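In the working numbering, the protein residues as written are 392 to 630.
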(Lines of atoms letter the chains of each structure in order from A and count residues from 1; the text may use other names and numbers.)
(Lines give C-alpha, C1' and ligand atoms only; values in the text may rest on other atoms or scores of the structure.)
Protein backbone atom coordinates (compact mmCIF):
# COMPACT_ATOMS: atom_id res chain seq x y z
CA UNK A 1 0.00 0.00 0.00
CA UNK A 2 1.15 3.56 -0.69
CA UNK A 3 0.22 6.15 1.92
CA UNK A 4 2.13 9.13 0.52
CA UNK A 5 2.24 9.89 -3.19
CA UNK A 6 5.06 12.00 -4.65
CA UNK A 7 4.60 12.86 -8.33
CA UNK A 8 8.02 14.52 -8.28
CA UNK A 9 10.27 12.79 -5.71
CA UNK A 10 13.01 15.10 -4.48
CA UNK A 11 15.45 13.08 -2.36
CA UNK A 12 17.60 16.12 -1.65
CA UNK A 13 14.77 18.46 -0.66
CA UNK A 14 15.24 20.41 2.57
CA UNK A 15 11.74 19.65 3.82
CA UNK A 16 8.67 17.58 3.02
CA UNK A 17 5.18 19.01 2.71
CA UNK A 18 2.56 16.38 3.56
CA UNK A 19 -0.91 17.22 2.18
CA UNK A 20 -4.09 15.71 3.64
CA UNK A 21 -7.19 15.73 1.37
CA UNK A 22 -10.74 16.78 2.21
CA UNK A 23 -13.69 14.41 2.73
CA UNK A 24 -14.19 12.39 -0.42
CA UNK A 25 -10.83 13.57 -1.71
CA UNK A 26 -7.76 11.63 -2.76
CA UNK A 27 -4.07 12.34 -3.23
CA UNK A 28 -4.90 13.63 -6.72
CA UNK A 29 -6.29 16.79 -5.10
CA UNK A 30 -2.64 17.89 -4.81
CA UNK A 31 -1.40 16.44 -8.08
CA UNK A 32 0.03 19.72 -9.40
CA UNK A 33 1.30 21.28 -6.17
CA UNK A 34 4.89 20.16 -6.83
CA UNK A 35 4.95 22.53 -9.82
CA UNK A 36 4.38 25.55 -7.55
CA UNK A 37 6.98 24.89 -4.85
CA UNK A 38 10.75 25.40 -5.05
CA UNK A 39 13.13 22.44 -5.51
CA UNK A 40 13.86 22.57 -1.78
CA UNK A 41 10.35 21.24 -1.02
CA UNK A 42 9.04 17.76 -1.75
CA UNK A 43 5.24 17.37 -1.83
CA UNK A 44 3.77 14.15 -0.47
CA UNK A 45 -0.01 13.75 -0.82
CA UNK A 46 -1.79 11.35 1.51
CA UNK A 47 -3.85 8.58 -0.04
CA UNK A 48 -6.50 7.43 2.42
CA UNK A 49 -7.71 3.81 2.27
CA UNK A 50 -10.80 3.17 0.17
CA UNK A 51 -10.15 5.42 -2.84
CA UNK A 52 -8.19 5.60 -6.12
CA UNK A 53 -5.36 3.04 -6.04
CA UNK A 54 -6.52 1.91 -2.57
CA UNK A 55 -10.14 1.21 -3.51
CA UNK A 56 -9.79 -2.41 -2.46
CA UNK A 57 -9.25 -1.37 1.17
CA UNK A 58 -12.00 -0.50 3.59
CA UNK A 59 -12.22 3.20 4.51
CA UNK A 60 -11.12 4.04 8.05
CA UNK A 61 -13.87 5.92 9.88
CA UNK A 62 -12.03 6.57 13.16
CA UNK A 63 -9.82 9.67 12.97
CA UNK A 64 -7.59 8.56 15.85
CA UNK A 65 -6.96 5.14 14.31
CA UNK A 66 -6.31 6.66 10.89
CA UNK A 67 -3.84 9.14 12.39
CA UNK A 68 -2.05 6.29 14.17
CA UNK A 69 -1.60 4.48 10.86
CA UNK A 70 -0.50 7.56 8.94
CA UNK A 71 2.02 8.55 11.62
CA UNK A 72 3.50 5.05 11.56
CA UNK A 73 3.76 5.06 7.76
CA UNK A 74 5.29 8.55 7.85
CA UNK A 75 8.16 7.42 10.07
CA UNK A 76 10.73 6.68 7.33
CA UNK A 77 9.97 10.06 5.70
CA UNK A 78 10.75 12.11 8.80
CA UNK A 79 14.49 12.28 8.10
CA UNK A 80 14.06 16.01 7.41
CA UNK A 81 11.67 18.71 8.65
CA UNK A 82 8.02 17.96 7.92
CA UNK A 83 5.21 20.44 7.31
CA UNK A 84 1.62 19.14 7.47
CA UNK A 85 -1.15 20.78 5.44
CA UNK A 86 -4.77 19.66 5.58
CA UNK A 87 -7.97 20.97 4.03
CA UNK A 88 -11.38 20.49 5.65
CA UNK A 89 -11.45 16.91 7.04
CA UNK A 90 -7.76 16.81 6.21
CA UNK A 91 -7.14 19.56 8.77
CA UNK A 92 -8.34 17.34 11.60
CA UNK A 93 -6.30 14.41 10.32
CA UNK A 94 -3.23 16.61 9.90
CA UNK A 95 -3.67 17.89 13.47
CA UNK A 96 -4.05 14.40 14.90
CA UNK A 97 -1.00 13.23 12.94
CA UNK A 98 0.95 16.27 14.16
CA UNK A 99 0.27 15.19 17.73
CA UNK A 100 2.06 11.94 16.91
CA UNK A 101 5.00 13.03 14.72
CA UNK A 102 5.96 16.56 15.92
CA UNK A 103 6.25 18.42 12.60
CA UNK A 104 7.96 21.76 12.04
CA UNK A 105 4.64 23.45 11.21
CA UNK A 106 0.94 22.59 10.94
CA UNK A 107 -1.22 24.40 8.39
CA UNK A 108 -4.98 23.91 8.52
CA UNK A 109 -7.51 25.03 5.93
CA UNK A 110 -11.29 25.37 5.70
CA UNK A 111 -12.05 23.72 9.01
CA UNK A 112 -13.18 24.69 12.49
CA UNK A 113 -10.61 23.84 15.20
CA UNK A 114 -10.20 20.21 16.16
CA UNK A 115 -11.53 20.80 19.71
CA UNK A 116 -14.72 22.45 18.38
CA UNK A 117 -17.09 19.58 17.43
CA UNK A 118 -18.69 19.55 14.01
CA UNK A 119 -22.31 18.53 14.57
CA UNK A 120 -24.27 16.79 11.88
CA UNK A 121 -25.90 13.62 10.64
CA UNK A 122 -24.97 13.80 6.96
CA UNK A 123 -23.55 10.28 7.28
CA UNK A 124 -27.13 9.04 7.79
CA UNK A 125 -28.64 11.01 4.90
CA UNK A 126 -30.17 9.58 1.75
CA UNK A 127 -28.05 9.52 -1.37
CA UNK A 128 -29.95 12.50 -2.74
CA UNK A 129 -29.36 14.52 0.40
CA UNK A 130 -25.69 13.58 0.34
CA UNK A 131 -25.45 14.79 -3.25
CA UNK A 132 -27.15 18.03 -2.19
CA UNK A 133 -24.48 18.49 0.49
CA UNK A 134 -21.74 18.03 -2.11
CA UNK A 135 -23.39 20.62 -4.33
CA UNK A 136 -23.62 23.03 -1.39
CA UNK A 137 -19.90 22.82 -0.66
CA UNK A 138 -18.94 23.00 -4.33
CA UNK A 139 -15.99 20.61 -4.34
CA UNK A 140 -17.29 18.38 -7.14
CA UNK A 141 -18.22 19.45 -10.66
CA UNK A 142 -22.06 19.56 -10.67
CA UNK A 143 -22.35 17.61 -13.91
CA UNK A 144 -20.33 14.73 -12.44
CA UNK A 145 -22.83 14.33 -9.64
CA UNK A 146 -25.47 13.46 -12.24
CA UNK A 147 -23.41 10.49 -13.50
CA UNK A 148 -24.47 7.12 -11.96
CA UNK A 149 -20.92 5.72 -12.11
CA UNK A 150 -19.51 8.75 -10.33
CA UNK A 151 -22.18 8.53 -7.65
CA UNK A 152 -21.51 4.83 -7.16
CA UNK A 153 -17.84 5.61 -6.57
CA UNK A 154 -17.98 8.76 -4.50
CA UNK A 155 -21.06 8.38 -2.28
CA UNK A 156 -19.76 5.43 -0.19
CA UNK A 157 -16.48 7.30 0.32
CA UNK A 158 -18.29 10.48 1.31
CA UNK A 159 -20.54 8.62 3.73
CA UNK A 160 -17.53 6.98 5.39
CA UNK A 161 -15.68 10.31 5.62
CA UNK A 162 -18.69 12.07 7.11
CA UNK A 163 -18.91 9.28 9.67
CA UNK A 164 -15.28 9.99 10.55
CA UNK A 165 -15.70 13.73 10.88
CA UNK A 166 -19.12 13.78 12.57
CA UNK A 167 -18.14 11.24 15.22
CA UNK A 168 -14.64 12.66 15.81
CA UNK A 169 -13.92 14.19 19.20
CA UNK A 170 -10.48 15.47 20.12
CA UNK A 171 -8.88 14.02 23.23
CA UNK A 172 -7.28 16.12 25.97
CA UNK A 173 -3.68 16.86 25.06
CA UNK A 174 -0.90 19.35 25.63
CA UNK A 175 -0.73 22.15 23.03
CA UNK A 176 1.48 21.43 20.03
CA UNK A 177 5.10 22.58 20.10
CA UNK A 178 4.94 23.67 16.46
CA UNK A 179 3.27 26.80 15.08
CA UNK A 180 -0.17 26.57 13.49
CA UNK A 181 -1.27 28.60 10.49
CA UNK A 182 -4.96 28.59 9.53
CA UNK A 183 -6.35 29.62 6.13
CA UNK A 184 -10.04 30.00 5.30
CA UNK A 185 -12.27 31.43 2.58
CA UNK A 186 -14.22 34.55 3.48
CA UNK A 187 -17.48 32.96 2.30
CA UNK A 188 -16.94 29.45 3.68
CA UNK A 189 -20.22 28.15 5.15
CA UNK A 190 -18.28 25.73 7.36
CA UNK A 191 -16.06 28.12 9.34
CA UNK A 192 -15.71 31.84 9.98
CA UNK A 193 -12.70 33.86 11.10
CA UNK A 194 -13.75 34.08 14.75
CA UNK A 195 -14.03 30.30 14.98
CA UNK A 196 -10.85 29.66 13.00
CA UNK A 197 -8.94 31.86 15.46
CA UNK A 198 -9.45 29.16 18.07
CA UNK A 199 -6.89 26.96 16.32
CA UNK A 200 -4.45 29.15 18.22
CA UNK A 201 -5.56 27.47 21.45
CA UNK A 202 -3.96 24.22 20.27
CA UNK A 203 -0.35 25.42 20.09
CA UNK A 204 2.18 27.07 22.37
CA UNK A 205 4.42 28.03 19.44
CA UNK A 206 2.54 30.79 17.63
CA UNK A 207 -0.53 31.13 15.43
CA UNK A 208 -1.59 33.10 12.35
CA UNK A 209 -4.87 33.26 10.44
CA UNK A 210 -5.22 34.20 6.78
CA UNK A 211 -8.54 34.85 5.03
CA UNK A 212 -8.71 34.56 1.23
CA UNK A 213 -11.66 35.24 -1.09
CA UNK A 214 -13.97 32.31 -1.76
CA UNK A 215 -16.07 29.54 -0.31
CA UNK A 216 -15.20 26.16 1.15
CA UNK A 217 -12.97 25.24 -1.79
CA UNK A 218 -11.37 28.69 -2.08
CA UNK A 219 -7.97 26.99 -2.37
CA UNK A 220 -8.67 25.61 -5.86
CA UNK A 221 -8.64 28.98 -7.69
CA UNK A 222 -6.17 30.40 -5.14
CA UNK A 223 -3.70 27.52 -5.15
CA UNK A 224 -0.64 29.67 -5.72
CA UNK A 225 -1.62 32.09 -2.95
CA UNK A 226 -2.14 29.19 -0.54
CA UNK A 227 1.23 27.70 -1.42
CA UNK A 228 2.79 31.14 -1.03
CA UNK A 229 1.36 31.39 2.49
CA UNK A 230 2.70 27.92 3.29
CA UNK A 231 6.17 28.84 2.08
CA UNK A 232 6.11 32.12 3.98
CA UNK A 233 4.98 30.31 7.14
CA UNK A 234 7.84 27.81 7.06
CA UNK A 235 10.45 30.26 5.81
CA UNK A 236 11.24 28.29 2.66
CA UNK A 237 13.28 30.01 -0.03
CA UNK A 238 11.49 30.50 -3.30
CA UNK A 239 13.00 29.62 -6.61
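Just so you know, even glycine gets a beta-carbon here, dropped at the ideal spot from N, CA and C. This one's a predicted model, so the numbers in the text were calculated from it and none came from an experiment.
- Is it a yes or a no for the stretch 602 to 622 touching the stretch 412 to 427, going by three-plus beta-carbon pairs under 8 angstroms? Between the stretch 602 to 622 and the stretch 412 to 427 there are three or more C-beta pairs closer than 8 angstroms, enough to call the two in contact.
- Message: Do residue 394 and residue 499 have their beta-carbon atoms positioned less than 8 angstroms apart in this structure?
- Response: No.
- Message: Spatial neighbours of residue 503 within its chain, please: C-beta separation below 8 angstroms, excluding the five flanking residues on both sides.
- Response: Answer for residue 503: 509, 581, 582, 586, 587 and 589, listed in chain order.
- CB-CB under 8 angstroms to residue 459, same chain, minus the five flanking residues each way: which ones, in chain order? Within the same chain, 491 come within 8 angstroms of residue 459 by CB-CB distance, once the 5 residues on both sides are set aside.
- Between 396, 596, 470 and 570, which lies nearest to residue 497 when the distance is taken from Cα to Cα? When each option's Cα is compared against that of residue 497, the closest is 570.
- Query: Are there three or more Cβ pairs, one per stretch, closer than 8 angstroms when the stretch 397 to 413 is compared with the stretch 444 to 455?
  - Reply: These segments do not touch.
- Spatial distance of residue 417 from residue 565 (CA atoms): Straight-line Cα distance between these residues: approximately 30 angstroms.
- Message: Tell me the residue span of the beta strand (DSSP E) that contains residue 436.
- Response: Counting along the chain, the beta strand (DSSP E) containing residue 436 begins and ends at 432 to 437.
- Given a cut-off of 8 angstroms, decide if residue 406 and residue 474 are closer than it, judged by their beta-carbon atoms. For residue 474 and residue 406, yes; Cβs fall inside 8 angstroms.
- Item | Cα-Cα separation between residue 604 and residue 528, rounded to whole angstroms | Their Cα atoms are separated by approximately 15 angstroms.
- Taking C-beta to C-beta, are residue 419 and residue 443 nearer than 8 angstroms? Residue 419 places its beta carbon less than 8 angstroms from that of residue 443.
- Task: Tell me whether residue 407 sits in a helix, a strand or coil according to DSSP, three-state version.
- Result: In this structure, residue 407 counts as strand in the three-state DSSP scheme.
- Inter-residue spacing [alpha-carbon to alpha-carbon] between residue 629 and residue 518: Note on residue 629: pLDDT 40, under 50, position unreliable in the model; no value is reported.
- Task: Could you spell out the range, first to last residue, of the alpha helix (DSSP H) harbouring residue 619?
- Result: Its alpha helix (DSSP H) spans residues 614 to 625.
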